[in-house]
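A short write-up of the structure that comes next.
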Amino acid sequence: MAEPPKTPTKAASRVCRACNENIFVKNHPLDLFGAKALKDNIPSVLERFFELKIAFDDGLPSYTCRCCHHKLVKFQEFLRKIAFSRQQQESVLRVKRGKTTAESPSGRSPQTRRDLKKRRINDDAPAKGPSLRLFQMDKPSKTRPRTILPAPSAEGDGKKRKLPKRTESSAEPSTPPKREEILSQSGLLNPLLKDVPFLEEGTKTVDTLATLMLTGCTTHQIAEIIMQCQPLRNAIKFFFLKGVNEQCQKLCNRSAENSSLLRIPPSKHKELKNFSSEKVITEMMEHVPDVLDVLVAVGIPNVKAHEDSKKQIAPLCTTYGILMFTRWKELSLIQKMNSILLSTGHATERTMKRLNRAGVTVTRETYRSIMDDIGSDLLVTIRRQVSAGCAPRLFFDNLDFKILVNIILQNYRPSDMHWIAHYVTFDRVPSDHLDDNKPMSDGTQFENIEYLLSQSELDKLRSDFIVLVARILVEFFEFMEPYKSAIPKHIQHRYSEFMKKKSVIIGLPVVPYNQSKHSDVCQYLEYVQKLLVDIYKPQNQDMPVNADEVLKNVKVPLGGDLLGRERITGAKKTRLGCDSAAERFESIVEMPALWHAKQSFLGYIWEQLYKPTAASGRKDTDTLYHLRQHFGLVNVPSRVLDNYSSCESLMLSATKAYICAAFMAWAGTTDTATSPSWVSSIAKERNSAVQWESLQIQIGKFVDEYVLTEFDIKRAWREQLGQKLQEKENQRTLRLAGNDDEANAISSPAQQPYSSGSVVILLQKSEDYKVLAVGKVIEVDAHVSVPEKHVPVFVASIEECASGILAPGSAVFWPTDLIAVHKSPIMETAEISQPSNSNLNSNISDIPPGSEEDCYLNYGLQIIQLGMFLMQLNDTEAEGDGGRSLINWKMLLLYFRSRPRGKKYAFEAMRFITCVKGLYTEKIAYRVLHGQFVNPKGGEGSNYANDLKMEHLVGDNKVSLRALCGNKTLKAVQRCSAAAYGLKECCTQYDNECGIHPESTKHTHACTTEDVKAMLAIVQQAKPFQYQRGRKLYSFPNVTKSPLDQLDVALLNTWLTNHKRKLFSGIHDCNEEDNDEENELSNGDDNTPEEDDLDD
């Protein structure tokens, strides 16, 4: 009895028929009897290959999951691919490559071929009975696999056989035609371009042309009909290519009249800096117009505007140059320019060799000859500048590098090289109108007061600080935004227009001398002297010249860092006993290094205000080290020389934060959004000049209160000098004549308005009162009559303006209305403490004299004073202001002199001031003062110091040395350094021709505004500018309001007098500068001030 059909259960209906996995709605189940399953042949595949009989009423699951469905579809695609591959493989026979055997189709009978076919069919038949395999495994073949080749054509061996179409199953790709075959069938060598008989097809074309010409037609219509006839088209192409070949062949000529511009022989390598793409394309238009037409048609379908057209011309000229260089190797202008561009970009020798094979560059040997030819033109370039009236000056520095070896042998070891790199530049400020015969002063007339700031210089410094503070305020205070255009972007000076000009900077060949050795420096100065003789000697003179005659009126400044300047001075000392001026190096004048002095000043700031201690980082919440730790400025080191830029950035940011905090305390505001009360009156003005005048008045009061509190060193000098005079007067009384009795009878206080021994200041009145001298009231003898309303005064010291009126050490009668009484520091401080404006919170001046120190306030004042002067140094360098630079050197003298040890830069500043104010002639002093800066790119505010440019050139030379790898010989190094200027000119000319903009002269820096605002919030928490008695800093327990408080003014006077006398007398101690160096390295705490002074 038959069983009734089973109905599918709920559990069975939820699993896949193929994988027996549960099926959910998210798996998208597929009905085996649905339309999609029937379309994809899913049931038939399961039945044929997997022996699953699918029936609707079998009680088994009738669904498959989506995963199995995709696998079955891919399975069918795989089967179809196998079948297609087998069909392709059976279309060819298995024979050995290039031979015909008995197994080949030609050697087989039809019966044999039928048997093979039957055998294949039997192999493809499925095996009987059930099997778990999808395919029957092939039996191992007894023969080796043979290469598959196409069957021969039935038409015979004489004709070419067509290869079957390449498919994915092809055994080997078809062999491409050889490169020689392609070239031999192209251009004029193309066999299709040969002359052939005029056939019937051409006759039809002629009949068509005759008909059109009778009915009327255009040239383009005729050409179109001709080009439709292939034989005529080939003939026209032949004559066109023949004309191109003749045009190009005419340019392959060495004659000067017919030669191409692309031909640059070695004698013309110096003209590469005059490269012009316009001349190249003009030559193409005049001599090879067909080539120009073809290249333009290929690469320039549309001509762009003027500036963009440069971008189109450059690849056109490059393509033309490469093609002509391939034709004749002497047409190598483009290749030589490309070699220069790639080599200055530090391309390797391997890269140059590869591109030479592509016709893009010349060989490395040719490039070396180019560098030799360009480097030999340096002297001509310098002489051209000198003949144009430009006065040269030189700067040098050490170039240290290592030559390493992989295997160390006895005569092949690593070596450290210490050579000298240098460059020459030219003055931009004219100085020919100045005197060059005598020094500006002598030792007897040069007073120590020259080393201090005069009143006009103090006013200038105050004016500069007002501008710098205004720039900070406009960046962080909202009320200053409307006045941004009124604040000067550049502090103008007398020679601003000259300093905008681009400097001519020519790098000279590296010389193998060590600036640390006196003997090598003497040889280097001889090299410089010989270079000057070659520059200034008459041109085209082969006869030997006398160096003393050529350099008779020549003075050339030679600058270097502190060590370099000391070595030059030492070398000149060594040659003092020589007979001729040339052997004494009198034509060479020393120059200081401005950027190195600024670097040393930042190191002085670090000594004063930066201590990497735990107390400074945690407890002292507003010190530099705390800010460094709080903001994670790990690149700020404890030693400035390790990372100058990071230290400078931290100092400038902290200065801005402290300036903002001090301004808010002074103006009585709580944040940067609040406006001071005096802003409303300035806002009424519409003229920017009037607005700036009003801002100067208000900001000037802030500068006087917080920035210039202790800058009048001359006043302190006079106070100490007056105290010393008072002590001497107590020991002895000066008398001019007479006896004591009569003098006591006459010299009574009732008769004299000023008591004896009072320190007074002698004045002169013109438009305003002017200080002439400082002295002391003395007693006179009875025989000497005192004029009415006059006082006898002993003159202690005089100002510069009184040199023709008074003399130090003399006694004079001075009118009482031109005498100012000297006030004690306590009285003067009491007067200053009176606020000039009751509305302003002048915290510094409100502090009573003698009050207990507030270290937080003192630290903030030192940050402001030193940071503002660092900004002053940076702005002076950018503007190239020699006058401001002299003011800065005077301030640097005081700051460096206040250091407890390491005062070498104090002597450097003192020496520079002495030279430019007394020892040098007016012309040389002018050149040295205004020649401290260069402007490599041109433009306002783009100057920087000579020694900083020297550091850049040293870095460039080291990059070039790395490109030399192991070939760091003297010849190779001098070749690279001598050709650097000429190669740079070539690159600049190429950039101009291609429309490439010059590189930016400024580095890209992240904006520090947000960091400064965060620093300001930290500083505000400590309230440093609200005086609180007795506040202490753990790291700086003895910090004062000004770093100049540590300066001993009397000792400074003695130190200046001793060194000034040595400089003017020419008496030099050979060990003096060496002792200075030892003093800087030694611990200065064990020395007394007098001993430290003697060491300097």
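Residue 14 in numbering that gives the first Met the number 0 sits at position 15 of the sequence shown, and the numbers go up by one each step.
Beta carbons are placed, not taken as given, at the ideal position from N, Cα and C, and that holds for glycine.
| Asked | Found |
| --- | --- |
| Round the Cβ separation of A772 and L817 to the nearest angstrom and send it over; I've been treating them as touching at under 8 Å. | Going by Cβ atoms, the distance from A772 to L817 rounds to 11 Å, so no, they are not a contact pair. |
| Which residue wins for smallest C-alpha separation from V423, given the options E984, K335, I381? | I381 |
| Name the two residues that bound the continuous beta strand (DSSP E) containing E589. | 587–590 |
| Just how far apart, CA to CA, sit M870 and L651? | 8 Å |
| Within 10 angstroms of its Cβ, does V466 collect 16 or more other Cβ (buried), or is it exposed? | buried |
| Assuming L213 and I221 make a contact with CB atoms under 8 Å, what is their CB distance in whole Å? | Not really, about 12 Å apart at Cβ, beyond 8 Å. |
| With a CB to CB cut of under 8 Å and the five nearest residues on each side skipped, what residues in its chain are close to N447? | N1052, L1055, T1056, K1059 |
| Return the CA-CA distance between Y858 and A485, expressed in angstroms with no decimal places. | 32 Å |
| Put G320 into one of helix, strand or coil per three-state DSSP. | helix |
| Does DSSP put V287 in a helix, a strand or coil? | coil |
| Among P556, K536, V555, which one has its Cα closest to the Cα of V549? | K536 |
| Taking 9 Å as the threshold (C-beta atoms), are Y319 and L340 in contact? | no |
| Grouping DSSP H, G and I as helix and E and B as strand, with all else coil, what is H629? | helix |
| Give the straight-line distance between the Cα atoms of D619 and Y855, rounded to the nearest whole angstrom. | 9 Å |
| Whose C-beta lies closer than 7 Å to the C-beta of L31 among residues of the same chain, with five residues either side of it excluded? | R16, I41, P42, I53, S61, Y62, T63 |
| If we count Cβ pairs, one from each stretch, closer than 8 Å, do we get three or more for the region 326–346 versus the region 968–986? | yes |
| Could you tell me the distance, in whole angstroms, from the CA atom of Y1033 to the CA atom of R910? | 38 Å |
| Mind checking whether L524 and F584 have CB atoms under 9 Å apart? | yes |
| Check whether the Cβ atoms of E582 and G558 lie closer than 9 Å to each other. | no |
| For Q861 and L707, I'd like the C-alpha separation in whole angstroms. | 11 Å |
| Please list, in chain order, all residues of the same chain as P1098 whose beta carbon is under 6 Å from its beta carbon, the five residues on each side excluded. | Outside the modelled stretch of the chain, which goes from 0 to 1095, sits residue 1098, for which no answer is possible. |
| Can you round the beta-carbon distance between V287 and C316 to whole angstroms, since I take them to be within the 8 Å contact cut? | 12 Å between Cβ atoms; not a contact. |
| Starting from H68, follow the alpha helix (DSSP H) in both directions and report where the run begins and ends. | 65–88 |
| Let me know if A596 comes out buried or exposed under the rule of 16 or more other beta-carbons within 10 Å of its beta-carbon. | buried |
| Counting pairs of beta carbons, one from the region 369–389 and one from the region 275–283, are three or more of them closer than 8 Å? | no |
| Here's a check: name, in chain order, each residue in its chain whose Cβ is nearer than 6 Å to the Cβ of Y925, leaving out the five neighbours to either side. | S430, L433 |
| Would you kindly check if the distance between the Cβ of L330 and the Cβ of S254 is under 9 Å? | no |
| List the endpoints of the continuous beta strand (DSSP E) containing G774. | 768–776 |
| Is A653 near G849, with beta carbons less than 9 Å apart? | no |
| Judging by CA-CA distance, which residue of L451, T360, V302, Y657 is the nearest neighbour of D1010? | Y657 |
| Give me, in chain order, the residues of the same chain whose beta-carbon lies closer than 7 Å to that of M890; leave out the 5 immediate sequence neighbours on both sides. | F868 |
| If you run the structure through DSSP and keep just helix, strand and coil, what is A234? | helix |
| Can you grab the Cα-Cα spacing for the pair A1016 / F906, in whole Å? | 41 Å |
| Which of the three DSSP states, helix, strand or coil, is assigned to K1040? | coil |
| Work out the CA separation of S515 and A660 for me, nearest whole Å. | 47 Å |
| What does the Cβ neighbour count give for M826, buried or exposed, with the cut at 16 atoms within 10 Å? | In this prediction, M826 scores a pLDDT of 36, lower than 50, which makes its location untrustworthy; no coordinate-derived value is stated. |
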